[in-house]
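S.K.:
As structure tokens, then:
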């Protein structure tokens, strides 16, 4: 939406190229290691037989015979596999050692130190259900030198009126900067305590201090509760149904569940959702609105029935009617929290919430306590609460009192499981191999195969050459030794050069090329996928493709394919030599071929399914890890660590089942092929003993290759089974690229004027749009003309089509009818990415890149440092960022409060040139004071630009040029806001007045 696709694509591609370059030395070492390993068994027979022949001629003690030659070859052949395994084992051992070292480094990293002192528990951080029995006479506080606190020194009582006590607490996220300073206060038991303060004052940090989630703390935090219910400011929504998110790890209770969802006004939403509370939430709750996510998070906190409830601005983004209902049902005198006598901590930005508080804590900008008391006490002085109450109240646009018809639910209708399971399982191995060859390059792969053939020739032909040599010694003993031994040595050298050459061609030429191209295919497909696909795809599935699938292609496939090709050629040549040694054994060829066909019929049918299941079974594991990592604070707060650990073990066990079954059938295949090779050996020896009319030389070659045939066949099967798994990864990428629907580009013009859009005019001509599977349009016959420099506010309740209209402007939602023009250019002919770059979009959720302050505020690199600093000053963030290192300092999202993040994103929009600015409720999660700052900055810094904003707070858009009220994708009314307010019968007048009355 922000036009950063190319920027992010370049960043990720650069990291991939860096990874490929970093692996070059390892791949070179693998080539040298393979060459050294092949030298041992290739030159060993040459040196051994060469020494014997030279000494025999010098001492006149005999000559090289077939018996001696093939006996020596057989001995060397028996030692070949163990030596190769030993040499390859050094590389595997080093890899394992490095992996263990990385795991050990991670395990030994600093763990969370729960600094809270909890009465009645043997140590901090222990949940109440883990500490049954009598209270100890002392407590050990971890992280403080195992300090033992005696009862007389604790100076608190778990039965007092205070549930949480802070004594001279100073805390922050790093040792060099404290956010909270010298706090000494008490949180009353069974009361509702609200925390207010300006943006960046430390409201959320104070809640994390009570949760025990801050790394740097001095002073003491004494809490009667080891676990609590916690609803963060950014809701933690897991992949699953709405009901499963509300329940969490709590037991099912029908009556209590119904009471909670009614208290949170979710029963109304359930009527609109296609499957009620069984509706899938999507990735990180993408199928729910922001307000629904907030209330699901609140419902989880209430349903858990914890005596301590910590809420971080959970009423943000709710319309006033819903907000008033939730406030009364949850926080009112007859509310669910009062009835349960819960201890509640709520951080809020709204003065209207404070009338439900028993106690109020006001924080200063420096993180100290400014005021603490009841609403009456903190409102008497000219303090922050008084100023907050005098500011315009946050009035939102979603109102039931307007009595506009319900908007059809935005249903994407995509299957949750189809993404990962069953994609392309019926694709044959030949098709997958051909696909890989196309990606690698047919000419490069052909050269690689020719080098492999040369290696196989140099490895197999010496046994025939040795037979010719021994036959020549019968008539001319020890003659032309230089000729026979020289060519024998040359064949061994050809084998070594061929081995290293093929390994070099594959690892140093093919692997970097395929690694880059497969990653490029995945990245291109993901970055250009439709919005509906991105919002309905499990993050674990995407992570699985970019991690395990690419790892298989980068690491496992090169060795498996190289060994498979080599040993396949070796199996063919060995079989030919075995069967030519005895004509009677050759008669068994049809029988062996039929048996092999029967074996592969059973084996491939099963292995093809299992190898894909083995890869796909990792996706739930990644999803579980991502969700656990994203909600670890909530999990620890609720005391669900043990349950989530058990769930992780279950997912891990499930992910290993296909792997185990795959190994089972691979062992079965190895056994069957070993029995087949053994049967051929028995037949060969039997016919050689009974039929003495064959050539002894060819018989010796056949007997030697029988020994080699079993080993080569076993290696071929082992490597083929490894190759199968890697082919499964290629198959999944192939299916993903082919099945994922990209954003269309038909009819797009590749060239635009450099200054487009220069004026900023926009027209909507009979525009209709709908989501892929929706039967009703979300935008229906929409007509609107926007003049250059005009400021337009889009108003309407949730589902009215405001955000959908913005999506049509940036072409994330395709039109069914009509057209949209910007400066007389039809945007359907403008390339999507170029359109999004030319428009200046400020989304509701703050977005940050991994990088410095400069890279985040100017990702397109089009602004000067002076302009960036000036912009940051305008939003009152430069002093803070300058103290942390300025523009080149790394910027972490956690380093800014939620309000500061939105101010930073506003600065990003201001620093970016463009005649059209689109804002989607970007001020919905800030307090009134910060909202006033943002509105002032918008008026001053965006003067002269066309502004289209989804209005969240009606008070803030009264100075706009025009209000457009939308319902069911159509314009209800449009006009100057002051004129509409002066008209009692206008819909905007009713909407504005209803917002004022909702909180009175």
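In my numbering, the protein residues as written are 10 to 1009.
Glycine included, every Cβ here is placed at the ideal spot set by N, Cα and C.
Is it right to say residue 429 is buried, meaning 16 or more other beta carbons lie within 10 angstroms of its own, or is it exposed?
M.R.: In the chain shown, residue 429 corresponds to position 420, counting from 1. Because residue 429 carries a pLDDT of 48, less than 50, the predicted location of this residue cannot be relied on, and the following value inherits that uncertainty. Buried, because 16 or more other Cβ atoms sit within 10 Å of the Cβ of residue 429.
S.K.: Where does residue 146 sit, in a helix, a strand or coil, going by DSSP?
M.R.: The residue given as residue 146 occupies position 137 in the chain shown. Any reading at residue 146 must be qualified, since the residue scores a pLDDT of 35, below 50, and its modelled position is unreliable; the value itself is stated next. DSSP places residue 146 in coil when its eight states are reduced to three.
S.K.: Tell me which same chain residues have a C-beta within less than 6 Å of the C-beta of residue 966, skipping the five on either side of it?
M.R.: Position 957 of the chain shown, counted from the start, is the residue given in the question as residue 966. If we look at residue 966 and ignore the five residues flanking it on each side, its Cβ neighbours are 802, 960.
S.K.: Which of the three DSSP states, helix, strand or coil, is assigned to residue 771?
M.R.: Within the chain shown, numbered from 1, the residue matching residue 771 stands at position 762. Residue 771: strand per DSSP, three-state reduction.
S.K.: Please report the residue range of the alpha helix (DSSP H) in which residue 473 lies.
M.R.: Numbered from its first residue, the chain shown carries residue 473 at position 464. From DSSP, the alpha helix (DSSP H) with residue 473 extends over 451–484.
S.K.: So residue 365 and residue 116 are supposed to be a Cβ contact under 8 Å. How far apart are they, rounded?
M.R.: For the purposes of this step, residue 365 is taken as residue 356 along the chain shown, with counting starting at 1. For the purposes of this step, residue 116 is taken as residue 107 along the chain shown, with counting starting at 1. Between residue 116 and residue 365 the Cβ distance is about 45 Å, and since that is not below 8 Å, they are no contact.
S.K.: Specify whether the segment 829–843 and the segment 855–869 touch according to this definition: at least 3 beta carbon pairs, one from each stretch, less than 8 Å apart.
M.R.: The segment 829–843, when compared against the segment 855–869, does not touch it at the 8 Å Cβ threshold.
S.K.: Does the Cβ-Cβ distance between residue 353 and residue 345 come in under 8 Å?
M.R.: The sequence position of residue 353 within the chain shown is 344, counting from 1. The sequence position of residue 345 within the chain shown is 336, counting from 1. No. Outside cutoff.
S.K.: Under 8 Å, do residue 884 and residue 905 count as touching if we go by C-beta distance?
M.R.: Translated into the one-based positions of the chain shown, residue 884 becomes position 875. Translated into the one-based positions of the chain shown, residue 905 becomes position 896. Taking 8 Å as the Cβ cut-off, residue 884 and residue 905 do not qualify as a contacting pair.
S.K.: What residue ranges within the segment 636–690 form continuous alpha helix (DSSP H) runs of no fewer than 4 residues, ordered along the chain?
M.R.: Segments of the alpha helix (DSSP H) lying fully in the segment 636–690: 641–647.
S.K.: Shortest alpha-carbon distance to residue 472 belongs to which of 568, 895, 97, 80?
M.R.: Numbered from its first residue, the chain shown carries residue 472 at position 463. For residue 472, the nearest C-alpha among the options comes from 80.
S.K.: Alpha carbon to alpha carbon, what distance is there between residue 29 and residue 483?
M.R.: Position 474 of the chain shown, counting from 1, holds the residue named residue 483. Position 20 of the chain shown, counting from 1, holds the residue named residue 29. Straight-line Cα distance between these residues: approximately 57 Å.
S.K.: So what does DSSP say about residue 359, is it helix, strand or coil?
M.R.: Along the chain shown, one-based indexing puts residue 359 at 350. Reduced to three states, the DSSP call for residue 359 is coil.
S.K.: Please state whether DSSP places residue 1021 in a helix, a strand or coil.
M.R.: Shown here, the chain extends from 10 to 1009; a query on residue 1021 therefore has no answer.
S.K.: Give me the Cα-Cα distance between residue 848 and residue 613, rounded to the nearest whole angstrom.
M.R.: Your numbering for residue 848 matches position 839 in the chain shown. Your numbering for residue 613 matches position 604 in the chain shown. Their backbone Cα atoms lie some 53 Å apart in a straight line.
S.K.: What separation, rounded to the nearest whole angstrom, lies between the Cα atoms of residue 557 and residue 630?
M.R.: Locating residue 557 in the chain shown gives position 548, where the first residue counts as 1. Locating residue 630 in the chain shown gives position 621, where the first residue counts as 1. Approximately 12 Å between the Cα atoms of the pair.
S.K.: For residue 660, which residues in the same chain have their Cβ closer than 8 Å to its Cβ, ignoring the five residues on either side in sequence?
M.R.: Position 651 of the chain shown, counted from the start, is the residue given in the question as residue 660. 629, 630, 633.
S.K.: So residue 604 and residue 78 are supposed to be a Cβ contact under 8 Å. How far apart are they, rounded?
M.R.: Residue numbering aside, residue 604 sits at position 595 when the chain shown is read from its first letter. Residue numbering aside, residue 78 sits at position 69 when the chain shown is read from its first letter. About 33 Å separates the two Cβ atoms, so there is no contact after all.
S.K.: Closest to residue 953 by CA distance: which of 900, 535, 828, 799 is it?
M.R.: Mapped onto the chain shown, residue 953 falls at position 944. Of the candidates 900, 535, 828, 799, the one whose C-alpha sits nearest the C-alpha of residue 953 is 799.
S.K.: Taking just the CA atoms, how far does residue 224 sit from residue 785?
M.R.: Here residue 785 is taken as the residue at index 776 of the chain shown, counted from 1. Here residue 224 is taken as the residue at index 215 of the chain shown, counted from 1. Each residue's Cα considered, the two are about 51 Å apart.
S.K.: Would you mind giving the Cβ-Cβ distance between residue 309 and residue 254, rounded to the nearest angstrom? I have them listed as a contact below 8 Å.
M.R.: Stepping through the chain shown from its first residue, residue 309 is reached at position 300. Stepping through the chain shown from its first residue, residue 254 is reached at position 245. That pair is a contact at about 6 Å.
S.K.: Grab the span of the alpha helix (DSSP H) containing residue 49 for me, first residue to last.
M.R.: Position 40 of the chain shown, counted from the start, is the residue given in the question as residue 49. Taken as a continuous stretch (DSSP letters only), the alpha helix (DSSP H) holding residue 49 covers 33–68.
S.K.: Bridge partners of residue 627, per DSSP?
M.R.: Here residue 627 refers to the residue found at position 618 of the chain shown. According to DSSP, which records beta bridges pairwise, residue 627 is partnered with nothing at all.
S.K.: Helix, strand or coil for residue 791, going by three-state DSSP, please let me know.
M.R.: Stepping through the chain shown from its first residue, residue 791 is reached at position 782. Note: residue 791 maps to strand in three-state DSSP.
S.K.: Based on Cα-Cα distance, which residue from 636, 664, 666 lies nearest to residue 653?
M.R.: The residue you call residue 653 lines up with position 644 of the chain shown. Nearest option by C-alpha distance: 636.
S.K.: Touching or not, the segment 513–522 and the segment 87–103, by the rule of three or more beta carbon pairs under 8 Å?
M.R.: Flag = no, the segment 513–522 and the segment 87–103 do not touch.
S.K.: So does the segment 822–831 actually touch the segment 772–780, counting three or more Cβ pairs closer than 8 Å?
M.R.: These segments touch.
S.K.: Taking residue 217 as the reference, which of 301, 125, 277 has the closest Cα?
M.R.: Stepping through the chain shown from its first residue, residue 217 is reached at position 208. Of 301, 125, 277, the residue nearest in Cα terms is 125.
S.K.: Quick check on residue 940: does DSSP put it in helix, strand or coil?
M.R.: Within the chain shown, the letter at position 931 stands for residue 940. It is helical.
S.K.: Starting from residue 109 and walking both ways along the alpha helix (DSSP H), at which residues does that stretch end?
M.R.: As a working note, residue 109 is residue 100 in the chain shown. Taken as a continuous stretch (DSSP letters only), the alpha helix (DSSP H) holding residue 109 covers 75–116.
S.K.: Could you compute how far the alpha carbon of residue 876 sits from the alpha carbon of residue 850?
M.R.: Translated into the one-based positions of the chain shown, residue 876 becomes position 867. Translated into the one-based positions of the chain shown, residue 850 becomes position 841. So the alpha carbons of these two residues sit roughly 19 Å apart.
S.K.: Check whether the segment 26–42 touches the segment 447–457, taking contact to mean three or more Cβ pairs, one atom from each stretch, closer than 8 Å.
M.R.: Touching, no, given that fewer than three Cβ pairs across the two stretches are closer than 8 Å.
S.K.: Which of the three DSSP states is assigned to residue 804 in this structure?
M.R.: In the chain shown, the residue the question calls residue 804 occupies position 795. Reduced to three states, the DSSP call for residue 804 is strand.
S.K.: Rounded to the nearest angstrom, what separates residue 406 and residue 264 at their Cα positions?
M.R.: Here residue 406 is taken as the residue at index 397 of the chain shown, counted from 1. Here residue 264 is taken as the residue at index 255 of the chain shown, counted from 1. Its pLDDT being 37, under 50, residue 406 is placed unreliably by the model, and the measurement read from it follows with that caveat. Taking the straight line from one Cα to the other gives about 33 Å.
S.K.: Does DSSP put residue 231 in a helix, in a strand, or in coil?
M.R.: Taking the chain shown and counting its residues from 1, one reaches residue 231 at position 222. Reduced to three states, the DSSP call for residue 231 is strand.
S.K.: Tell me residue 214's beta-bridge partners as DSSP assigns them.
M.R.: The count along the chain shown starts at 1 and reaches residue 214 at position 205. Answer by DSSP bridge pairing: none, since residue 214 is not bridged.
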